[in-house]
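Undergrad:
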Amino acid sequence: MRFLDTDVLIDFQRGLPAAAAWLRDDATQRVALPGIVAMELVVGCRNKDDLRITQAFLKRFNVVWPDAQDMQYAYELLATYRLAYGVGIPDCLIAAMALHRDMPLLTFNWKHYQMFPDLVVQAPYTRNV
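Whatever position you read off the sequence shown (first residue = 1), add 200 for our numbering.
1) Which same chain residues, not among the five before or five after Asp-318, have their C-beta less than 7 Å away from its C-beta?
2) Please confirm if the region 237-246 is in contact with the region 272-284, defined as three or more CB-CB distances below 8 Å between the two stretches.
3) Kindly identify the DSSP beta-bridge partner or partners of Asn-262.
4) With distances taken between CB atoms, is the gap from Phe-203 to Leu-305 smaller than 8 Å?
5) Give me the residue from Met-297, His-312, Ala-232, Thr-254 with the minimum Cα distance to Gly-288.
6) What does DSSP give as the partner residue(s) for Arg-202 in the beta ladder?
7) Name the two residues that bound the continuous alpha helix (DSSP H) containing Thr-280.
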């Protein structure tokens, strides 16, 4: 199992063919979404129609919610890396959840996660944008 970051789902929502093919062929069976990723997609909704479409889309995935250990670890990551790298709460929480579960994170946002030395970050498909 692997965690999926928000940017990959946004690629799909924007109609990127590589993202659509990858999600159709691979993703929904072998990935999970950190709860904060689902929340970030909801924040991006502009109206009730967007929200309805997003909620229907999210039903395709296993959404994993943070537990107390994830929250504590996210706090530790934030305290360690915030000043040096400007990392934010959502990225610390996503990283903490992936690290706590020993799961790779599928994303193209390398710069958001580069400071976490033990986090395995992978691109899920080739992006030609």
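Backbone N, C-alpha and C define an ideal beta-carbon position, used for all residues, glycine too.
Quick caveat, the model's predicted, so the values are computed rather than measured.
TA: Concretely, from the data shown:
1) Leu-299
2) A contact is defined here as three or more CB-CB pairs under 8 Å, and the region 237-246 fails this definition with respect to the region 272-284.
3) Ala-232
4) yes
5) His-312
6) In DSSP, Arg-202 forms a bridge with Val-231.
7) 268-285
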